[in-house]
Amino acid sequence: MDGANHSVVSQFVFLGLSNSWEIQLVLFVFSSMLYVASMTGNSLIILAVTSDPHLLSPMYFLLANLSFIDLGFSSVTTPKMIYDLFRKQKIISFSGCIAQIFFIHVIGAVEMVLLIAMAFDRYVAVCNPLHYLTIMSPRMCIFFSGSAWMIGHIHSVVQLAFVVNLPFCGPNVLDSFYCDLPGLIRLACTDTYQLELMVTANSGFISVGSFFILIISYIVIILAVQKHSSAGLSKALSTLSAHITVVVLSFGPLMFLYTWPSPSTHLDKFLAIFDAVLTPFLNPIIYTFRNQEMKVAMRSVCRQLVRYRKMS
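Using the UniProt record's numbering, the first residue of the sequence shown is number 1, and each one after it goes up by one.
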C-alpha cells in the first residue's frame, strides 16, 4: 500500500452521485435511514444468535456471520458517501482509496463463500436431516467461516497486487462515490487494457460462478424434496425463498458491473448504491420475515436493551 510513493497523484476526487441539491437531499435522507436501519437490524441478529440458546445451530451461526459481513460492507462506502453528499470537494487519499478497494473485495468474496456455505447447510438439512448435526458440526462451521475469510483476503490481495504500484500522474477524477478497481485502473498513466480484462474477468468469474453454484444447489434441493412429498416441497420452497432472494440481490448488481461490456455511468451508480445501501438493509428483513424463532429472539433482545437502558 505504499503505491503513493511511486505516484504523482496523492488523492482522488469523486464526482459523486448528483449535482442537484434536491436529489442530494433525498439521497441523504434515505441513505442515512437505510444505513442506520441496516446497522440496527444486523446488530440485532448477531446479538440474538449469540445470546439466545434456542438459536445455537449451524444455520444461525452462518446467518450471524453474514450479518457481521453486512455491517462491514455497508460501512466501507456508505458513511463517506453520506458525508460527501453536500461537499463541493469529495476527496479521498490514495491510501484511503486502496484501503476501500481492499475491504470491498475482501467482504464481497467472504459474503459469496458464506452464501455457498448457507446453501450447503440447507441442502444437508433438507436432504439429509438425520445426519445434519453430524455433518454441520461446530468444526465444519468454523471451517466455512475461516475459509471464507481466507479466500476473501487472497482474492483482494491478488487484485491489488497488480494495481497498487501503477503510475498515477493525472487525471485524478473518479466518476463515482467510492473507489473500485475498474475506475482506478483507467486513471493509470500506462496501457492497462490487459489488466482491466484480468481484473474484470477475475471478479466477474467469481461472482457469476458462485451465482450458478448457488442456483444449481437450490434446484438440487427442490428436486430432492419433490421426490418425497408435496408438503415437504412447500416447506422447502418457503425456507429457500429467502435464500434465493438474498442471492439475487447480492449477485445481480455485481454480475452486471463486472460482466456487462459497457454499462452507463448512471446505471453503475444506481447498482452501486443498491448494493452498498439497500442490500445490507434488506438481508436481515428477508431472513427474519418468515423465521418465527429469529423474530422471537430479536424481540427478546430489544426488551433486554430497553430494560438495561432504563436501569442505567
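Glycine included, C-beta positions come from ideal geometry on N, C-alpha and C.
Between the CA atoms of F205 and S156 - distance to the nearest angstrom
By 1-based counting over the sequence shown, the position of residue 156 is 156. By 1-based counting over the sequence shown, the position of residue 205 is 205. S156 and F205: Cα-Cα distance of roughly 14 Å.
Buried versus exposed, by CB contacts within 10 Å (16 or more), L25
Here residue 25 refers to the residue found at position 25 of the sequence shown. Burial call: exposed.
Between L44 and V301, is the Cβ-Cβ spacing less than 8 Å?
For the purposes of this step, residue 44 is taken as residue 44 along the sequence shown, with counting starting at 1. For the purposes of this step, residue 301 is taken as residue 301 along the sequence shown, with counting starting at 1. Result yes, Cβ atoms of L44 and V301 sit closer than 8 Å.
Quick one: is E22 buried, meaning 16 or more other Cβ sit within 10 Å of its Cβ, or exposed?
The residue labelled residue 22 in the question sits at position 22 within the sequence shown. When all chains shown are included, E22 counts as exposed.
When we look at the beta-carbon of V124 and count the other beta-carbons within 10 Å, is it buried (16 or more) or exposed?
Your numbering for residue 124 matches position 124 in the sequence shown. Buried: at least 16 other Cβ atoms inside 10 Å.
Assign M298 to one of two classes, buried (16 or more other C-beta atoms within 10 Å of its C-beta) or exposed (fewer than that).
Within the sequence shown, numbered from 1, the residue matching residue 298 stands at position 298. M298 is buried by the Cβ-count criterion.
Got a sec, what are the start and stop residues for the beta strand (DSSP E) Q11 sits in?
Position 11 of the sequence shown, counted from the start, is the residue given in the question as residue 11. Start and end: Q11 to F14.
What does a CB cutoff of less than 7 Å around R122 pick up in its chain, not counting 5 residues either side in sequence?
For the purposes of this step, residue 122 is identified with residue 122 of the sequence shown, where counting begins at 1. Only I221, T239, L240 and H243 meet the Cβ criterion.
DSSP three-state assignment for K90, whether helix, strand or coil:
Locating residue 90 in the sequence shown gives position 90, counting from the first residue. Strand at K90.
Taking the alpha carbon of S38 as the point to measure from, which residue in L214, S67, Y60 and L254 has its own alpha carbon closest?
What you label residue 38 is simply residue 38 of the sequence shown in a count that begins at 1. Considering only alpha carbons, the answer is S67.
Using 10 angstroms around the beta-carbon of residue 313, count the other beta-carbons present and answer buried if the total reaches 16, otherwise exposed.
This structure leaves residue 313 out entirely; the chain is present only between 1 and 312.
Roughly how many whole angstroms lie between the Cα atoms of L214 and G183?
Position 214 of the sequence shown holds residue 214. Position 183 of the sequence shown holds residue 183. Going from the Cα of L214 to the Cα of G183 covers about 29 Å.
Which residues DSSP lists as bridging V173, in chain order
For the purposes of this step, residue 173 is taken as the residue at position 173 of the sequence shown. The partner list for V173 (beta bridge, DSSP) reads V13.
What three-state label does DSSP hand L56 in the structure shown?
Counted from its first residue, the sequence shown places residue 56 at position 56. DSSP places L56 in coil when its eight states are reduced to three.
Which of helix, strand or coil DSSP assigns to K227:
Working through the sequence shown from its first residue, we reach residue 227 at position 227. Note: K227 maps to coil in three-state DSSP.
Spatially closest choice to residue 317 from N42, T190 and V8, by CA coordinates
The question about residue 317 has no answer, for the chain in this structure spans 1 to 312.
For P138 and L115, I'd like the C-alpha separation in whole angstroms.
Working through the sequence shown from its first residue, we reach residue 138 at position 138. Working through the sequence shown from its first residue, we reach residue 115 at position 115. Computed Cα separation, rounded: 17 Å.
Kindly indicate which three-state DSSP category R299 falls into: helix, strand or coil?
Sequence index remark: in the sequence shown, residue 299 carries index 299 (1-based). Here R299 sits in helix by DSSP.
In chain order, what residues of the same chain have a beta carbon less than 6 Å from the beta carbon of P253, not counting five sequence neighbours either side?
Start at 1 with the first residue of the sequence shown, and residue 253 comes out as number 253. Contacts found: L271, F274 and D275.
Beta-carbon within less than 8 Å of M255's beta-carbon, same chain only, minus the 5 sequence neighbours each way: which residues are those?
Position 255 of the sequence shown, counted from the first residue, corresponds to residue 255. Answer for M255: G204, S207, V208 and F211, listed in chain order.
Coarse secondary structure for D191, derived from DSSP in three states:
Stepping through the sequence shown from its first residue, residue 191 is reached at position 191. Here D191 sits in coil by DSSP.
Environment of C97 [buried if 16+ CB atoms lie within 10 Å]:
Sequence index remark: in the sequence shown, residue 97 carries index 97 (1-based). By the 10 Å Cβ count, C97 comes out buried.
Which same chain residues, not among the five before or five after S147, have their C-beta less than 7 Å away from its C-beta?
In the sequence shown, counting from the first residue as 1, residue 147 sits at position 147. Excluding positions up to five away in sequence, the list reads V113.
Buried versus exposed call for S250 [16 or more other C-beta atoms within 10 Å across all chains shown]:
Translated into the one-based positions of the sequence shown, residue 250 becomes position 250. Classification of S250: buried, given that the 10 Å Cβ count is 16 or more.
Using the three-state DSSP reduction, which class does R309 fall into: helix, strand or coil?
Position 309 of the sequence shown, counting from 1, holds the residue named residue 309. In this structure, R309 counts as helix in the three-state DSSP scheme.
For a quick check, are the C-beta atoms of L34 and F281 less than 8 Å apart?
The residue labelled residue 34 in the question sits at position 34 within the sequence shown. The residue labelled residue 281 in the question sits at position 281 within the sequence shown. The answer is yes: Cβ separation under 8 Å.
Grouping DSSP H, G and I as helix and E and B as strand, with all else coil, what is N165?
Within the sequence shown, the letter at position 165 stands for residue 165. In this structure, N165 counts as coil in the three-state DSSP scheme.
Cα separation between V189 and I101?
Here residue 189 refers to the residue found at position 189 of the sequence shown. Here residue 101 refers to the residue found at position 101 of the sequence shown. Per the sequence shown, residue 189 should be read as Cys rather than Val. Using only the alpha carbons, I get a separation of about 19 Å.
Residues in its own chain within less than 8 Å of A64 by CB, not counting five upstream and five downstream?
Within the sequence shown, residue 64 is the residue found at index 64, counting from 1. Excluding sequence neighbours, A64 sits near I45, I46, V49 and T50.
Is the beta carbon of F94 closer than 8 Å to that of Q159?
Counting from one through the sequence shown, the residue named residue 159 turns up at place 159. Counting from one through the sequence shown, the residue named residue 94 turns up at place 94. In this structure, F94 does not lie closer than 8 Å to Q159 by Cβ.
What is the DSSP secondary structure of M294, counted as helix, strand or coil?
Residue mapping note: residue 294 aligns to position 294 of the sequence shown, counting from 1. M294 falls in the helix class under three-state DSSP.
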